[in-house]
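Below is one structure, written out as structure tokens; comments come after it.
Residue numbers (the UniProt record's numbering): 1 to 260.
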């Protein structure tokens, strides 16, 4: 009788073992399709990972401080979540049962999948960050070169305007000495000659250069990327027009002096 009991118990144990799904037959893709968040590509969420840990009894440090009554509620919620997915034929192409989620072996596999996905995401983010940083380096170099070109063009025009304005002011003083009521005095000097020519534009260039020199490229992993400083809004064609105006007014003063 005792032999029969042992034999029956042994057979029951073997039958139970035979009922367990062989996890090696389930691919990672099947597990991700079953447990993923539905995104593209599907990702195992933190909640799903925690459910696997709790039901599978692994990584106890994650939930060791949770009160037992609350832990029971969490397990119930997790079982509902997994059962719903198991019942979804579009998600589930496996022979897993809810009881399989209480196996540490399955829980460890789910956690390993999540870790692998996170590592892949981190690698992708690092590659994207590196590409952004390289693009920003190129943009910064391009902005610096454009700034130097703009500065050179501005200086070239300033070298023309500064003496031209000085000369024009001298002609104005000469005309005042011989004819203080000449109609030219009603117009005044061109605006660019009323102060230091192009001083405002020079200061814009200086501020731009300071920002370029102080610009720090982001480090890999930074989530906030600053923008490369934009070029100052300095219109060299407009300045050429101001030079032409100064030259025209200078010609008027020379003509007026010739008449007097």
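Even for Gly, the Cβ is constructed at its ideal location relative to N, Cα and C.
Apart from the five residues just before and just after residue i, which ones in its own chain have a Cβ nearer than 6 angstroms to its Cβ?
i: residue 1; result: Residue placement at residue 1 is poorly supported in this model, since its pLDDT is 41, which falls under 50; the coordinates still yield a value, given next. Answer for residue 1: no residue qualifies.
i: residue 8; result: Model confidence at residue 8 stands at a pLDDT of 39, short of 50, so the residue's coordinates are unreliable; what they give is reported in the following sentence. Excluding residues within five positions, none has a Cβ falling inside 6 angstroms.
i: residue 164; result: 246
i: residue 95; result: 21
i: residue 211; result: 229
i: residue 260; result: 178 and 179
i: residue 139; result: 228
i: residue 5; result: Low per-residue confidence applies at residue 5: pLDDT is 40, beneath 50, and the placement is therefore not dependable, though the value from the model is reported in the following sentence. Nothing listed; no residue qualifies.
Would you kindly work out how many angstroms separate the C-alpha atoms of residue i and residue j, rounded to a whole number?
i: residue 127; j: residue 37; result: 24 angstroms
i: residue 10; j: residue 30; result: Residue confidence is low: residue 10 scores 41 on pLDDT, short of 50, so the model does not pin down where it sits. No coordinate-derived value is stated.
i: residue 93; j: residue 111; result: 20 angstroms
i: residue 141; j: residue 51; result: 50 angstroms
i: residue 17; j: residue 67; result: With a pLDDT of 46 at residue 17, under the threshold of 50, the modelled position of this residue cannot be trusted; read the value that follows with caution. In a straight line, the C-alpha of residue 17 is about 32 angstroms away from that of residue 67.
i: residue 15; j: residue 72; result: The pLDDT assigned to residue 15 is 43, lower than 50, so where the model puts this residue is not dependable, and the model offers no usable value.
i: residue 238; j: residue 155; result: 14 angstroms
i: residue 215; j: residue 86; result: 54 angstroms
i: residue 241; j: residue 40; result: 57 angstroms
i: residue 120; j: residue 145; result: 38 angstroms
i: residue 63; j: residue 23; result: 25 angstroms
i: residue 124; j: residue 91; result: 26 angstroms
i: residue 137; j: residue 206; result: 21 angstroms
i: residue 191; j: residue 200; result: 13 angstroms
i: residue 118; j: residue 69; result: 32 angstroms
i: residue 181; j: residue 213; result: 52 angstroms
i: residue 226; j: residue 100; result: 49 angstroms
Given a cut-off of 7 angstroms on the beta-carbon distance, is the pair residue i and residue j in contact?
i: residue 202; j: residue 143; result: no
i: residue 58; j: residue 42; result: no
i: residue 48; j: residue 35; result: yes
i: residue 161; j: residue 243; result: yes
i: residue 235; j: residue 113; result: no
i: residue 256; j: residue 175; result: yes
i: residue 53; j: residue 116; result: no
i: residue 208; j: residue 153; result: no
Using a Cβ-Cβ cut-off of 7 angstroms (strictly less than) and excluding sequence neighbours within five positions of residue i, which residues of its own chain qualify?
i: residue 168; result: 189, 193, 246, 249, 250 and 253
i: residue 98; result: 79, 82, 83 and 86
Which residue wins for smallest C-alpha separation from residue i, given the options the options?
i: residue 218; options: 72, 97, 180 and 135; result: 135
i: residue 104; options: 55, 87, 74 and 255; result: 55
i: residue 233; options: 204, 95, 39 and 20; result: 204
i: residue 179; options: 258, 86, 26 and 78; result: 258
i: residue 224; options: 119, 133 and 157; result: 133
i: residue 185; options: 173, 159 and 69; result: 173
i: residue 196; options: 76, 25 and 166; result: 166
i: residue 75; options: 88, 200, 191 and 102; result: 102
i: residue 26; options: 77, 61 and 109; result: 109
Assuming residue i and residue j form a contact by the criterion Cβ under 8 angstroms, report the distance between their Cβ atoms to the nearest whole angstrom.
i: residue 220; j: residue 130; result: 6 angstroms
Let me see if you follow: with CB-CB separation under 7 angstroms, is residue i close to chain C or not?
i: residue 116; result: You won't find chain C in this structure, because it holds only one protein chain.
Relative to the ligand COA, is the shortest distance from any of its heavy atoms to the C-beta of residue i smaller than 6 angstroms?
i: residue 38; result: By its list of ligands, the structure shown contains no ligand whatsoever, and the ligand COA lies outside what it can speak to.
What does a CB cutoff of less than 8 angstroms around residue i pick up in its chain, not counting 5 residues either side in sequence?
i: residue 157; result: 198, 236, 239, 240 and 243
i: residue 44; result: 32, 35, 36, 37, 110, 113, 114 and 117
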